[in-house]
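Engineer:
2 protein chains.
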Amino acid sequence: MARLRDISIDRETILRAAFGLLDETGLDGITMRALAARLSVQAPALYWHVKDKAELIAMMAQDLYLRGREECRGSADARSWLLALGQGLRRVLTGHRDAGRLLAIARPLTPADAALAERMAAPLGVFGFSVARALEAQAAVLSLTLGWALYRENAAMAEHLLRMFDLDASYEKGLPLLVDGLVA
Amino acid sequence: MARLRDISIDRETILRAAFGLLDETGLDGITMRALAARLSVQAPALYWHVKDKAELIAMMAQDLYLRGREECRGSADARSWLLALGQGLRRVLTGHRDAGRLLAIARPLTPADAALAERMAAPLGVFGFSVARALEAQAAVLSLTLGWALYRENAAMAEHLLRMFDLDASYEKGLPLLVDGLVA
DNA sequence: CGACTTTACTTAACGGCGTTAAATTGTCAA
DNA sequence: TTGACAATTTAACGCCGTTAAGTAAAGTCG
Numbered sequence: 014m015a016r017l018r019d020i021s022i023d024r025e026t027i028l029r030a031a032f033g034l035l036d037e038t039g040l041d042g043i044t045m046r047a048l049a050a051r052l053s054v055q056a057p058a059l060y061w062h063v064k065d066k067a068e069l070i071a072m073m074a075q076d077l078y079l080r081g082r083e084e085c086r087g088s089a090d091a092r093s094w095l096l097a098l099g100q101g102l103r104r105v106l107t108g109h110r111d112a113g114r115l116l117a118i119a120r121p122l123t124p125a126d127a128a129l130a131e132r133m134a135a136p137l138g139v140f141g142f143s144v145a146r147a148l149e150a151q152a153a154v155l156s157l158t159l160g161w162a163l164y165r166e167n168a169a170m171a172e173h174l175l176r177m178f179d180l181d182a183s184y185e186k187g188l189p190l191l192v193d194g195l196v197a
Numbered sequence: 014m015a016r017l018r019d020i021s022i023d024r025e026t027i028l029r030a031a032f033g034l035l036d037e038t039g040l041d042g043i044t045m046r047a048l049a050a051r052l053s054v055q056a057p058a059l060y061w062h063v064k065d066k067a068e069l070i071a072m073m074a075q076d077l078y079l080r081g082r083e084e085c086r087g088s089a090d091a092r093s094w095l096l097a098l099g100q101g102l103r104r105v106l107t108g109h110r111d112a113g114r115l116l117a118i119a120r121p122l123t124p125a126d127a128a129l130a131e132r133m134a135a136p137l138g139v140f141g142f143s144v145a146r147a148l149e150a151q152a153a154v155l156s157l158t159l160g161w162a163l164y165r166e167n168a169a170m171a172e173h174l175l176r177m178f179d180l181d182a183s184y185e186k187g188l189p190l191l192v193d194g195l196v197a
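These protein sequences, in sequence, are chains A and B.
The first sequence begins at 14 in this note's numbering and counts up by one.
The second sequence begins at 14 in this note's numbering and counts up by one.
#1: Looking only at its chain, what residues have a beta carbon closer than 6 Å to the beta carbon of threonine 158/A, apart from the 5 residues adjacent to it on each side?
#2: Within 10 angstroms of its Cβ, does alanine 15/A collect 16 or more other Cβ (buried), or is it exposed?
#3: Taking the C-alpha atoms as reference points, what is the distance between tryptophan 94/A and methionine 45/B?
#4: Based on Cα-Cα distance, which residue from Leu163/B, Leu35/B, Pro136/B lies nearest to glutamate 83/B?
#5: How long is the line joining the alpha carbons of glutamine 75/A and glycine 42/A, rounded to whole angstroms?
#6: Would you report the Cα separation of aspartate 193/B and isoleucine 22/B, rounded to the nearest angstrom?
#7: Examine chain A for any beta-carbon lying closer than 8 Å to the beta-carbon of arginine 29/B, and answer yes or no.
#8: Quick test of your reading: leucine 180/B and arginine 165/B, contact by CB under 8 Å. State the CB separation rounded to the nearest angstrom.
#9: Quick check on leucine 115/A: buried or exposed, where buried means 16 or more other Cβ atoms within 10 Å of its Cβ?
#10: Just mark alanine 67/B as buried or exposed, buried being the case when its beta carbon has 16 or more other beta carbons within 10 Å.
#11: Relative to the C-alpha of isoleucine 118/A, which residue among Leu69/A, Phe178/A, Leu191/A is closest?
#12: Can you tell me the Cα-Cα spacing of glycine 160/B and tyrosine 184/B, whole angstroms?
#13: Using alpha carbons as the reference points, say which of Cys85/B, Gly108/B, Ala128/B lies closest to phenylalanine 32/B.
#14: Which one of Ala58/B, Tyr78/B, Ala153/B, His173/B has the shortest CA to CA distance from glycine 113/B?
#15: Quick check on the burial criterion: 16 or more other C-beta atoms within 10 angstroms. Buried or exposed for aspartate 111/B?
#16: Would you check if the distance between the CB atom of leucine 96/B and the CB atom of alanine 162/B is smaller than 8 Å?
#17: Step through the CB atoms of chain B and report whether any lies within less than 8 Å of the CB of threonine 158/A.
#18: Name, going along the chain, the residues of the stretch 134 to 150 of chain B whose beta-carbon falls closer than 7 Å to a beta-carbon of chain A.
#19: With a floor of 4 residues, list each alpha helix (DSSP H) that falls wholly inside the stretch 154 to 183 of chain B, ordered by position along the chain.
#20: Mapping the DSSP letters down to three states, classify serine 93/B as helix, strand or coil.
#21: How far does the alpha helix (DSSP H) with valine 139/B in it extend, from its first residue to its last?
#22: Please confirm if methionine 177/B has its CB atom under 8 Å from at least one CB of chain A.
#23: Express the C-alpha separation of proline 57/A and leucine 48/A in angstroms, rounding to a whole number.
#24: Does alanine 198/B pass the burial test, meaning 16 or more other C-beta atoms within 10 Å, or should it be called exposed?
#25: Listing by chain order, which chain B residues have their CB less than 7 Å from the CB of arginine 114/A?
#26: Whole alpha helix (DSSP H) runs in the stretch 30 to 89 of chain B with 4 or more residues, listed along the chain?
#27: In this structure, does DSSP put glycine 101/A in helix, strand or coil?
#28: Please state whether DSSP places isoleucine 22/A in a helix, a strand or coil.
#29: When you compare only the Cα positions, how much space is there between lysine 186/B and arginine 120/A?
#30: Hey, would you say alanine 147/B sits closer than 8 Å to leucine 195/B, going by beta carbons?
#31: Alpha carbon to alpha carbon, how far is alanine 130/A from alanine 8/B? Give it in angstroms, no decimals.
#32: Let me make sure I understand the geometry here. Which of Ser156/A, Glu172/A, Ala197/A has the alpha-carbon closest to that of asparagine 167/B?
#33: For glycine 81/B, does the count of other Cβ atoms within 10 angstroms reach 16, so buried, or fall short, so exposed?
#34: If we ignore side chains and look at the alpha-carbon of each, how far apart do valine 154/B and threonine 26/A end up?
#35: Whose Cβ in chain B lies nearer than 7 Å to the Cβ of glycine 194/A?
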């Protein structure tokens, strides 16, 4: 395991370094060379652990989604579950620079991995949702949240706009409107 | 005007060529060299008309937004105006490959141009909305629509998922839920 | 008409990017 | 001791956005 170097890198350390790089330099700052340098390694070494950059971005996206979903573990009904999903993902996305943009450019995962969306929505089944209805409701909440995150990232520069209305409050208001309709 | 070449290029022809290139090759296919080739010109010639690639993308984004808004010209009330805004933008975004991703990576326009969002939301004022409430409502509808477009672009490859529920119908259902709450 | 400026392009080049190929080195099993 | 294997290195390729410098046509003006 340990080789020339005291500690070697693996997918997990690469992933964490990538998020660190994202927060410090933004999405454009994520280059294979910069990421490698942060791990005290040459760029091609990364390709032993990761197929290509697109896979790395997909890994990061998946990590963000899963962290967002953890927020709705103890939800007692469909309404609170969907609210927690939206707010959880929102919290995760606001916690990383350019996180919305990252999700936007992330290539879809492998076909086998597309089942993730299905697994994610599964808890809704417990509350009596059909698979189709669960996927629908989840898609609506995730769409609103991702779109909102992008809006926020883009508006960050135009402070003038943000002084005219509270974007965060707008989300807090809009999400329940959508969710209430979805569970009705 | 006309010089060495019979017809010269300008911002408008560049913009149209860029959308053509987008539809044929996707967002990754939009390179300054490919765009120039499509106009029978060398790449650096583009920089006479456009500051850099980011400005080109911003131009395309603005064009998409404005085309989306044209849909809600004849709306009689706030509800139908917001519905038309969402559906109009949705129609425009589904009409171009990777249009959602393009909006997501487009850098915010110049500060002076940030007033565009304000101008866009202005018609809502006629229906009795305050500026803040109009911007809020518009942000919610645009967020849902952009997020939905991204969802759709990413899910396009995972046909398996799409066979389990109707994403378009999901949007048609979710948008009124949000809008009804916003105008209440 | 001829000199000068301006417009709109060309060619050439730079540095950085993602990625691949090949060589290299340390570790472990037989 | 040897040989397979894991994990990295060095070197390089082609493409990217972008800049610098040169150049030809068109407009301006004495």
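Heads up, the beta-carbon is just placed ideally off N, CA and C, and yes, glycines get one too.
Structural biologist: Concretely, from the data shown:
#1: Gly99, Leu102, Arg103
#2: Caution is warranted here: a pLDDT of 38 is assigned to alanine 15/A, below 50, making its placement in the model unreliable, and no coordinate value can be reported.
#3: 46 Å
#4: Pro136/B
#5: 20 Å
#6: 46 Å
#7: no
#8: 6 Å
#9: buried
#10: exposed
#11: Leu69/A
#12: 10 Å
#13: Gly108/B
#14: Tyr78/B
#15: buried
#16: no
#17: yes
#18: Val144, Ala145, Leu148, Glu149
#19: 172 to 175
#20: helix
#21: 128 to 139
#22: yes
#23: 11 Å
#24: This structure cannot settle anything about residue 198/B, because the visible part of chain B is limited to 14 through 197.
#25: Ala117, Ile118
#26: 45 to 51, 66 to 82
#27: helix
#28: coil
#29: 26 Å
#30: no
#31: Because chain B here runs from 14 to 197, residue 8/B falls outside it and cannot be looked at.
#32: Ser156/A
#33: buried
#34: 39 Å
#35: Leu190
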